[in-house]
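Novice: Numbering (this note's numbering), first residue to last: 38 to 475. The C-beta atom is built at its ideal place from N, Cα and C for all residues, glycine as well.
1) Using three-state DSSP, classify residue 438 as helix, strand or coil.
2) Residue 144: which of 87, 92, 71 sits nearest, CA to CA?
3) Go ahead and pull the three-state DSSP assignment for residue 138.
4) Starting from the C-beta of residue 419, find all residues in its chain whose C-beta is less than 7 Å away, skip the five residues before and the five after it, and write them out in chain order.
5) Within its chain, find whatever has a CB closer than 8 Å to the CB of residue 256; leave out the 5 residues flanking it on each side and keep chain order.
6) Could you check where the alpha helix (DSSP H) with residue 396 kicks off and where it finishes?
7) Given that a residue counts as buried once 16 or more other Cβ atoms are within 10 Å of its Cβ, and exposed if not, what is residue 66?
8) In the DSSP assignment, find the unbroken alpha helix (DSSP H) run with residue 170 in it and report its ends.
9) Inspect the CB distances between the segment 266 to 279 and the segment 448 to 457 and report whether three or more fall short of 8 Å.
10) DSSP three-state call for residue 209: helix, strand or coil?
11) Whole-angstrom Cβ separation of residue 132 and residue 70, contact assumed at under 8 Å?
12) Alpha carbon to alpha carbon, how far is residue 230 from residue 135? Give it in angstroms, no decimals.
13) Would you call residue 151 buried or exposed, if buried means 16 or more other Cβ atoms sit within 10 Å of its Cβ?
14) Do residue 382 and residue 355 have their beta-carbon atoms positioned less than 7 Å apart in this structure?
15) Nearest by alpha-carbon distance to residue 444: which of 375, 353, 161, 371 is it?
16) Please report the Cβ distance between residue 124 and residue 221, rounded to the nearest whole angstrom; I am assuming they are in contact, meaning their Cβ atoms lie under 8 Å.
17) Taking the beta carbon of residue 262 as the centre, do at least 16 other beta carbons fall within 10 Å, making it buried, or is it exposed?
18) Check each candidate in 446, 299, 427 and name the one with the smallest Cα separation from residue 371.
19) Which residue wins for smallest C-alpha separation from residue 86, given the options 406, 461, 68, 294?
20) Identify, in the order they occur along the chain, each residue of the same chain with its Cβ nearer than 8 Å to the Cβ of residue 259, setting aside the five sequence neighbours on each side.
21) If you reduce the DSSP assignment to three classes, tell me which class residue 300 lands in.
22) Tell me the rounded alpha-carbon separation between residue 80 and residue 89.
23) When you compare each of 164, 423, 129 to residue 437 by their alpha carbons, which one comes out closest?
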């Protein structure tokens, strides 16, 4: 601890690990801009609700296929190379949407391929986090990087309708493809998979990271797939991830329609109505990271206690909000409830999401890939179920009730099963440091 404090006092420039966090933040932003755009623009494709549900779901069928293979690609090429290939590939597929939208089978295939490309991103970023982040800083830095998701949603919901209204629906897609190319042009020379590979990092920071990160410099520390998929800790993460993802994907894809049809608000005329909940989410995401690290590093609370607290806040409160939304008829009330749901749900980043780095510091990409594979099932089926419910009943009541129930199941599972002990080890994590269990 004393060495850490002395090092931090000597830092006179922006640490390179913070710049890497900035790259992860902006990558997450671009990724979610491109993902959310289809939920905003889907009505311009002139299909019915059921077909729109298929279009939105096709992405997740592709997304689920590359979560686990991503770990093999990372080992072969490194996460940096895989990320560069991914963003170029999904941006190309996004642009192809503008010329295939009239042919539904081809459109579904293009959206599937876009999901394939985006599926490798989070395993790669978790692998990078495990290499770059000191144990005592990982909650906050992971939260900051992940909060780019919220800014991506904000940007898409606010800016895309403005561009669409001013020009046409294809222009936002081309514009964000250019933004993706800009990210590639910066990350290629400045980014790296690990501090050992970075050409601009000061030696003092490199040494500090390598000394304080949880990653173990021993090939024997890596876990077999059998160990991963039979781990109770991993399944705790998976169940929480599934409940959260169902809500996240359904709200992300269908809130624009809800705001437009149930609240009588067009996003082009009132963009803040749809954007405000994600602004709250971004603040809560970063705030949760700060609170989590403070509880662990300053108050000495055990890591798993902080993770369970954050996961409880991110599931039980949003569940109550979903049940309230199912019966509300007030647009103003719905707006407040959406803010509460999205805001508290983002505490999950400092709960089950960063817990991956606790239980598998040397296999973060594999565990995240497995968890995201399981948790993408709600993305595949949730959008189709929601489209079918709305087509059959023209009511949002059941949509919100199902979402609330799955939130609760995910939270209960994590609280009852989760651990901070690295899989296959007799150590626990306290104050961001691996310690021998007594």
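Specialist: Well, looking at it:
1) helix
2) 92
3) coil
4) 283, 286, 287
5) With a pLDDT of 47 at residue 256, under the threshold of 50, the modelled position of that residue is not reliable, and the figure given next carries that caveat. Answer for residue 256: no residue qualifies.
6) 389 to 396
7) buried
8) First-last for residue 170: undefined, no H or E at that position.
9) yes
10) helix
11) Wrong, their Cβ atoms sit about 14 Å apart, outside the cutoff.
12) 33 Å
13) buried
14) yes
15) 353
16) 6 Å
17) exposed
18) 299
19) 294
20) 399, 400
21) coil
22) 8 Å
23) 423
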